[in-house]
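Let me begin by presenting the structure, written as structure tokens, before commenting on it.
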Amino acid sequence: MATRTALVGTRKGLFVYDVDAPCPTVASTHFVGSPVSSVLCDVRDDAWYACLDHGHFGVKLHRSDDHGATWAELAYPAYPADAVYAGEPASTRLLWTLAVGHASQPGVLWCGTIPGGLFRSDDRGQTWHLNRGLWDDPARLEWFGGGYDHPGVHSISIDPRSADSMTVGVSCGGSWYTDDGGNSWTVSTGMRATYVPDGRAEDPRIQDPHRIVRCAAVPDVLWTQHHNGIFRSTDNGRTWSMFADVAPSSFGFAVAVHPLDPDTAWFVPAQSDEIRVPVDGAMVVNRTRDGGRSFETATTGLPQQHAYHLIYRHGLDVDSTGERLVMGSTTGSLWHSTDGGSSFQHVTDSLPPVLSVQYV
Amino acid sequence: MHEALERYFETFPAVRSYVLDEHAAVRKHVAIFVGDDQLVDRQLLSDGVDEGTVVYIFQALSGG
Numbered sequence: 027m028a029t030r031t032a033l034v035g036t037r038k039g040l041f042v043y044d045v046d047a048p049c050p051t052v053a054s055t056h057f058v059g060s061p062v063s064s065v066l067c068d069v070r071d072d073a074w075y076a077c078l079d080h081g082h083f084g085v086k087l088h089r090s091d092d093h094g095a096t097w098a099e100l101a102y103p104a105y106p107a108d109a110v111y112a113g114e115p116a117s118t119r120l121l122w123t124l125a126v127g128h129a130s131q132p133g134v135l136w137c138g139t140i141p142g143g144l145f146r147s148d149d150r151g152q153t154w155h156l157n158r159g160l161w162d163d164p165a166r167l168e169w170f171g172g173g174y175d176h177p178g179v180h181s182i183s184i185d186p187r188s189a190d191s192m193t194v195g196v197s198c199g200g201s202w203y204t205d206d207g208g209n210s211w212t213v214s215t216g217m218r219a220t221y222v223p224d225g226r227a228e229d230p231r232i233q234d235p236h237r238i239v240r241c242a243a244v245p246d247v248l249w250t251q252h253h254n255g256i257f258r259s260t261d262n263g264r265t266w267s268m269f270a271d272v273a274p275s276s277f278g279f280a281v282a283v284h285p286l287d288p289d290t291a292w293f294v295p296a297q298s299d300e301i302r303v304p305v306d307g308a309m310v311v312n313r314t315r316d317g318g319r320s321f322e323t324a325t326t327g328l329p330q331q332h333a334y335h336l337i338y339r340h341g342l343d344v345d346s347t348g349e350r351l352v353m354g355s356t357t358g359s360l361w362h363s364t365d366g367g368s369s370f371q372h373v374t375d376s377l378p379p380v381l382s383v384q385y386v
Numbered sequence: 013m014h015e016a017l018e019r020y021f022e023t024f025p026a027v028r029s030y031v032l033d034e035h036a037a038v039r040k041h042v043a044i045f046v047g048d049d050q051l052v053d054r055q056l057l058s059d060g061v062d063e064g065t066v067v068y069i070f071q072a073l074s075g076g
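Here the protein sequences line up with chains V and W, keeping their order. For the first sequence, our numbering assigns the number 386 to the last residue and increments by one with no breaks. For the second sequence, our numbering assigns the number 76 to the last residue and increments by one with no breaks.
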């Protein structure tokens, strides 16, 4: 079996793992000591991208065209002078997610940021432009922070059938779609929030989809791990339906969908929003293979006693076959699966808190 | 100070975005001292800097 490489962005560096080698090894390390908030491999040109969050020195973006042998610092997505957030000039606080553009648009990248700006680059990250359609939508003023102090775009999903069609996820600001390349946006409906007064529970503009992913082969199907449960859309992100009461919990952050089978998706539950650890200290991964009618709970290879891991939004990835998964936890553990999430193998428990993983 | 920093950035352009944000203000957790005194105007950098004065740029002591 060929080994697979995963980029693992952590609180203190980027670690490149050969995850399913007989003895999983660290192939290389990068930016050790610096928070790596997001990683991306652009399958179109094999470039690697790393988003850094230096704190004192701000956010930065780096690209490597030689698998990490060398890195070049690029411009980071910065807000224009007239972009205002909460009465002050908007400033990029976090590069939360990077996404490759449509296959027909080589060199196009998208970046989701805190405090809520979506950016586009047409030149492999050399320059960036704030998407004004979303930023200037009056509904954005209803967004608020969840987890972080300010709202942010954490999910960007391009429709493989059209470069003009995409969905983005905002915490806390809901799920938004465009069919005109980002000139205008519509907020999707069907999500429900229990962290606001009942009168606002179905307000689509204040929803907290923790992560939104799309099935590559059947692009009308998207899955969401929301703050209050698991949702699915079968109409290209226009509307969402909830799957309630999934055992052992329907709270969590991460979700992955099988690239070929829209009915198969994975979730990593935590007890609740007040108690963000595995239920009863037992780490599990949930999988549905029938479109959410039922869920199986995988425990094999995962710690079942006194395990207090949390898998963040970008801490779970599935490869292009749907057979391999990799996930990293806030307590520095990494696991992978080679059987579609039926069982997992432990890779390491010695990493810094894991923020983002991606197969190369 | 504005002029002094501009001359610094002319020599080391990569430093600019680490010290200043996109609105050209001093980053929140970067401390600048003019001699022994902290910079007062962190937005416009209007503090005067005398010839021969040493300017220090520090990162704040926080995080973990």
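Heads up, the beta-carbon is just placed ideally off N, CA and C, and yes, glycines get one too. All of these numbers come straight from a predicted model, not from anything done at the bench.
query                                                                                                                                                      : result
Using 8 Å as the limit for Cβ to Cβ distance, is V/F83 near chain W?                                                                                       : yes
Look at the alpha carbon of V/M27 and the alpha carbon of V/D46, and state the distance between them as a whole number of angstroms.                       : With a pLDDT of 43 at V/M27, under the threshold of 50, the predicted position of this residue should be treated as unreliable, though the coordinate-derived value follows. Rounded to the nearest angstrom, the two C-alpha atoms are 9 Å apart.
Closer than 9 Å, Cβ to Cβ, to anything on chain W: give me those residues from the region 88 to 110 of chain V, in chain order.                            : E99, A101, Y102, A104, Y105, P106 and A107
Can you tell me where the beta strand (DSSP E) with V/I300 in it begins and where it stops?                                                                : It should be pointed out that residue 300 of chain V corresponds to Glu in this sequence rather than to Ile. Taken as a continuous stretch (DSSP letters only), V/E300 belongs to no beta strand (DSSP E), as it is neither H nor E.
Between the C-alpha atoms of W/T23 and W/Q71, what's the straight-line distance to the nearest angstrom?                                                   : 20 Å
Only counting the same chain, and skipping five residues up and downstream in sequence, which positions put a Cβ closer than 6 Å to that of V/A73?         : R89 and D91
Do you know how far the Cα of V/I337 is from the Cα of V/P274?                                                                                             : 15 Å
Unbroken alpha helix (DSSP H) runs of length 4 or more, entirely within the region 151 to 185 of chain V: which are they?                                  : 158 to 161
What's the gap between the Cα of V/D287 and the Cα of V/G133?                                                                                              : 28 Å
I need the straight-line Cα distance from V/W169 to V/I256, nearest angstrom please.                                                                       : 21 Å
Pull up the CB-CB distance for V/V179 and V/G200, whole angstroms please, since I reckon it's below 8 Å.                                                   : The Cβ separation is near 11 Å, so there is no contact.
Does the beta carbon of V/S117 sit closer than 8 Å to a beta carbon anywhere in chain W?                                                                   : yes
Who are V/W136's beta bridge partners in DSSP?                                                                                                             : V/A125 and V/R146
V/F57 to V/G39, Cα distance in whole Å?                                                                                                                    : 5 Å
Can you round the beta-carbon distance between V/A76 and V/G138 to whole angstroms, since I take them to be within the 8 Å contact cut?                    : Their Cβ separation, rounded to whole angstroms, is 15 Å, which puts V/A76 and V/G138 out of contact at 8 Å.
Is W/A39 close to chain V, meaning its C-beta is less than 8 Å from at least one C-beta of that chain?                                                     : The identity of residue 39 of chain W in the sequence shown is Arg, whereas the question assumes Ala. Output row for W/R39: interface = yes.
Looking at V/M192: is its Cβ nearer than 8 Å to the Cβ of V/A280?                                                                                          : no
On the premise that V/R70 lies in contact with V/A129, defined as a C-beta separation below 8 Å, what is that separation, rounded to the nearest angstrom? : 7 Å
So is V/S117 buried or exposed if we call it buried at 16+ other beta carbons inside 10 Å?                                                                 : buried
Please return the same chain residues whose Cβ sits closer than 7 Å to the Cβ of V/V373, not counting the five positions on each side in sequence.         : Y43, V45, P50, L360, W361 and H362
Would you tell me roughly how many angstroms separate the C-alpha atoms of V/W266 and V/D229, rounded to the nearest one?                                  : 13 Å
How would you call V/E99, buried or exposed, if buried means at least 16 neighbouring beta carbons within 10 angstroms?                                    : exposed
So W/Y30 contacts chain V; which residues on that side make the cut at Cβ distance below 9 Å?                                                              : H80, H82, F83, G84 and K86
Classify V/S376 as helix, strand or coil using the three-state DSSP reduction.                                                                             : coil
Nearest CA to the CA of W/E34: which residue from W/V66, W/L56, W/D62 and W/I69?                                                                           : W/L56
Against W/H14, what residues of chain V qualify as contacts under a CB-to-CB distance less than 8 Å, listed in chain order?                                : Simply none; closest approach about 17 Å.
Flag this pair as yes or no: are the beta carbons of V/H253 and V/P304 separated by less than 8 Å?                                                         : no
Using three-state DSSP, classify V/G200 as helix, strand or coil.                                                                                          : strand
Going along chain V in order, which residues have a C-beta closer than 8 Å to the C-beta of W/V42?                                                         : H82 and F83
Does any residue of chain V have a CB that is nearer than 8 Å to the CB of W/Y68?                                                                          : no
Cα separation between V/A189 and W/V42?                                                                                                                    : 41 Å
Give me the chain V residues within the contact set of W/D33, using Cβ-Cβ distance strictly less than 9 Å, ordered along the chain.                        : G84, A104, P115, S117 and T118
Within 10 angstroms of its Cβ, does V/N209 collect 16 or more other Cβ (buried), or is it exposed?                                                         : exposed
Under DSSP, the beta strand (DSSP E) around W/E15 begins and ends at which residues?                                                                       : Unbroken run through W/E15 is the alpha helix (DSSP H), H14 to T23; no beta strand (DSSP E).
Just checking: is the beta-carbon of W/Q50 within a distance shorter than 8 Å of some beta-carbon in chain V?                                              : no
Would you identify the three-state DSSP class for V/S359, choosing helix, strand or coil?                                                                  : coil
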